[in-house]
Amino acid sequence: MFNKSFLKKNLTPFLEIYKNRPIKNNQSGMKIDHCFALFCFLNKIKPDYIIESGVWKGQTTWLIKRVLKKSKIFSIDIDLSNREVIYDDVKYLNKDISKYNWKKLNKNKTVIIFDDHVCFSKRLDFIKKNKFKHIIFDDNLPNHHISYYTPKMIYERQYLIKKEFIKYSNIYRLIKFVIRYFKNEFKGNIKLNFNYKFIKITYPENISEELNKKFLSIRKKIKIYYEFPPLKKFNYRNRFKKILKNFYEEIPKTYKVQKPIFNKNEIKFSRDLEQELNVQYSNICYINLN
Ligand SMILES: C[S@@+](CC[C@H](N)C(=O)[O-])C[C@H]1O[C@@H](n2cnc3c(N)ncnc32)[C@H](O)[C@@H]1O
315 MFNKSFLKKN LTPFLEIYKN RPIKNNQSGM KIDHCFALFC FLNKIKPDYI
365 IESGVWKGQT TWLIKRVLKK SKIFSIDIDL SNREVIYDDV KYLNKDISKY
415 NWKKLNKNKT VIIFDDHVCF SKRLDFIKKN KFKHIIFDDN LPNHHISYYT
465 PKMIYERQYL IKKEFIKYSN IYRLIKFVIR YFKNEFKGNI KLNFNYKFIK
515 ITYPENISEE LNKKFLSIRK KIKIYYEFPP LKKFNYRNRF KKILKNFYEE
565 IPKTYKVQKP IFNKNEIKFS RDLEQELNVQ YSNICYINLN
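Quick note on the working numbering: the sequence shown kicks off at 315 and runs consecutively.
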């Protein structure tokens, strides 16, 4: 979709915009790697309509507005109370995207940005029914690194293996899990590992015939699946430091990531931007459907 020299050239205009970002510490939201991806995707597709699912403080709404001055933006969040940036001309909605009627939008000119932590398998019927064609998906992590299906997993034919860690100090989550366990909700299909600080629960692959068919159907419709590369070399230890430190997980032998846009010494960012690099990178992708 993009070659490296195009991406390198586009970094300067992006940084000109990004230096004025309203939220300097967008904890839980997009940071430099994914904001740059969004900047490039939107500039390339130039949609007339954008549906953003997952607003949080409003950093991405701000970026969309800076890139596409004339497009109509629908910004959805089931909890709009965290917004720090609010625009009069953005249509804010507080129910799930599937609860609204999108018939009137021209789907060739509409992009959906999913950054709402909802399982992608739950979006497939909605996308198909409404004939959406341009999808950007933010938290596009591989198996073992997230608790729900992502486009990456579906595209790479992986079946979700969910891991959960519950610290003994988190009494509420622990009790909830124990009740579910004794109600036999997992039908014995889970693996438990006990550590002196936490329990690790592994939920096995368990995929219905119906879901399998949906995955097949979406894979057939994919014209482009493109993972945006990280700005600098991906650093697993830095990206997943919490899980490595708190739950003693090991670095996997293989973890596929796109080659970085810049080599190590090719570019030096300011200190605040260097700190943002990598910490949130999750293979943000663009999908173009038939
Ligand atoms: C990662 S944040 C979004 C970050 C934002 N795009 C940014 O980068 O600044 C995820 C947001 O999704 C919202 N959310 C959760 N479920 C949702 C749903 N079904 N539809 C829309 N938003 C949802 C949460 O309330 C949260 O504010």
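Heads up, the beta-carbon is just placed ideally off N, CA and C, and yes, glycines get one too. Since the model is a prediction, treat every value here as computed from it, not as a measurement.
Inset, instruction - Give a yes or no on contact between the region 585–592 and the region 441–459, applying the rule of three or more CB pairs nearer than 8 Å. - result: Taking a cut-off of 8 Å on C-beta distances, the region 585–592 does not touch the region 441–459, as fewer than three cross pairs fall below it.
Inset, instruction - Please confirm whether ILE516 and LYS534 have their CB atoms less than 8 Å apart. - result: For this step, residue 516 is matched to residue 202 along the sequence shown. For this step, residue 534 is matched to residue 220 along the sequence shown. Correcting the residue type first, residue 516 is Thr in the shown sequence and not Ile. No.
Legend entry - Residue(s) in a DSSP beta bridge with CYS599: Looking up residue 599 in the sequence shown gives position 285. CYS599 pairs with PHE451, GLU541.
Legend entry - Cβ-based burial, GLU366 [other Cβ within 10 Å; buried from 16]: For the purposes of this step, residue 366 is taken as residue 52 along the sequence shown, with counting starting at 1. Residue environment for GLU366: buried (at least 16 other C-beta atoms within 10 angstroms of its C-beta).
Inset, instruction - From the DSSP output, in three-state form, read off ASN507 for me. - result: The residue given as residue 507 occupies position 193 in the sequence shown. In the structure shown, the three-state DSSP call for ASN507 is strand.
Inset, instruction - Kindly indicate which residue of PHE434, VAL404, ILE480 has the alpha-carbon position closest to the one of ILE468. - result: Numbered from its first residue, the sequence shown carries residue 468 at position 154. Cα-wise, what sits closest to ILE468 is PHE434.
Legend entry - Range of the contiguous beta strand (DSSP E) that encloses TYR406: Position 92 of the sequence shown, counting from 1, holds the residue named residue 406. Taken as a continuous stretch (DSSP letters only), the beta strand (DSSP E) holding TYR406 covers 405–407.
Inset, instruction - Starting from the Cα of ASN415, find the closest Cα among ILE450, LYS476, PHE388, ILE400 and give me that residue. - result: Stepping through the sequence shown from its first residue, residue 415 is reached at position 101. Of the listed residues, the one whose Cα sits closest to ASN415 is PHE388.
Inset, instruction - Give the DSSP-derived three-state secondary structure of VAL593 in the structure shown. - result: The residue you call residue 593 lines up with position 279 of the sequence shown. In this structure, VAL593 counts as coil in the three-state DSSP scheme.
Inset, instruction - Indicate, with yes or no, if ligand 1 has a heavy atom lying under 7 Å from the CB of MET315. - result: Walking along the sequence shown from the start, residue 315 turns up at place 1. Not so, every heavy atom of ligand 1 lies at least 7 Å from the Cβ.
Legend entry - CB of ILE450 within 8 Å of CB of VAL425, strictly: For the purposes of this step, residue 450 is identified with residue 136 of the sequence shown, where counting begins at 1. For the purposes of this step, residue 425 is identified with residue 111 of the sequence shown, where counting begins at 1. Contact flag set, yes.
Legend entry - Short Cβ contact (8 Å threshold) for CYS349 with LEU382: Position 35 of the sequence shown holds residue 349. Position 68 of the sequence shown holds residue 382. The answer is no: Cβ separation not under 8 Å.
Legend entry - Closest by C-alpha distance to LEU419, when choosing among PRO361, LYS547, LYS501, SER483: Taking the first residue of the sequence shown as 1, we reach residue 419 at position 105. With respect to the C-alpha of LEU419, the residue from PRO361, LYS547, LYS501, SER483 having the closest C-alpha is PRO361.
Inset, instruction - Give the single residue among SER385, GLU499, GLN572, ARG397 whose Cα lies nearest to the Cα of ASP403. - result: Counting from 1 along the sequence shown, the entry for residue 403 is found at position 89. Nearest in C-alpha terms to ASP403, of all of SER385, GLU499, GLN572, ARG397, is SER385.
Inset, instruction - Let me know if LYS466 comes out buried or exposed under the rule of 16 or more other beta-carbons within 10 Å of its beta-carbon. - result: As a position in the sequence shown, residue 466 is number 152, starting the count at 1. By the neighbour-count rule (16 or more Cβ atoms within 10 Å), LYS466 is buried.
Legend entry - Segments assigned beta strand (DSSP E), at least 3 residues, entirely inside the region 422–510: Those beta strand (DSSP E) runs which fall completely within the region 422–510 and span 3+ residues are 424–428, 448–451, 476–481, 505–508.
Inset, instruction - Using the DSSP secondary-structure output, state which residues sit across from ILE390 in a beta bridge. - result: The residue you call residue 390 lines up with position 76 of the sequence shown. SER367, LEU407, per the DSSP bridge assignment.
Inset, instruction - Decide if THR326 is buried, meaning its Cβ has at least 16 other Cβ atoms within 10 Å, or exposed. - result: The residue labelled residue 326 in the question sits at position 12 within the sequence shown. With a threshold of 16 other beta carbon atoms within 10 Å, THR326 falls short and is exposed.
Legend entry - Length of the line joining the Cα atoms of LEU438 and LYS528: Position 124 of the sequence shown, counted from the first residue, corresponds to residue 438. Position 214 of the sequence shown, counted from the first residue, corresponds to residue 528. Taking the straight line joining both Cα atoms gives about 7 Å.
Inset, instruction - Measure the CB-CB distance between LYS555 and LYS578 and report whether it falls below 8 Å. - result: Numbered from 1 along the sequence shown, position 241 holds the residue referred to as residue 555. Numbered from 1 along the sequence shown, position 264 holds the residue referred to as residue 578. In this structure, LYS555 sits away from LYS578, with a CB-CB distance that is not shorter than 8 Å.
Legend entry - Whole-angstrom distance between PHE496 and TRP370, CA atom to CA atom: Numbered from 1 along the sequence shown, position 56 holds the residue referred to as residue 370. Numbered from 1 along the sequence shown, position 182 holds the residue referred to as residue 496. Rounded to whole angstroms, TRP370 to PHE496 spans 36 Å at the Cα level.
Inset, instruction - Flag ASN340 as yes when its Cβ comes closer than 7 Å to any non-hydrogen atom of ligand 1, and as no otherwise. - result: Your numbering for residue 340 matches position 26 in the sequence shown. True, at least one ligand heavy atom lies under 7 Å from that Cβ.
Legend entry - Pair within 8 Å by beta-carbon distance, LYS445 and TYR482: Numbered from its first residue, the sequence shown carries residue 445 at position 131. Numbered from its first residue, the sequence shown carries residue 482 at position 168. No. Outside cutoff.
Inset, instruction - Work out the CA separation of MET344 and ILE536 for me, nearest whole Å. - result: Counting from 1 along the sequence shown, the entry for residue 536 is found at position 222. Counting from 1 along the sequence shown, the entry for residue 344 is found at position 30. Each residue's alpha carbon lies about 25 Å from the other.
Inset, instruction - Please find out if some non-hydrogen atom of ligand 1 comes closer than 7 Å to the beta-carbon of ASP410. - result: Residue numbering aside, residue 410 sits at position 96 when the sequence shown is read from its first letter. The answer is yes for ASP410.
Inset, instruction - Leaving out five residues on either side along the sequence, give the residues of the same chain with a beta carbon under 7 Å from the beta carbon of LYS318. - result: By 1-based counting over the sequence shown, the position of residue 318 is 4. Scanning its chain for C-beta atoms nearer than 7 Å, with the 5 sequence neighbours on each side dropped, one finds around LYS318 the residues ILE575, in chain order.
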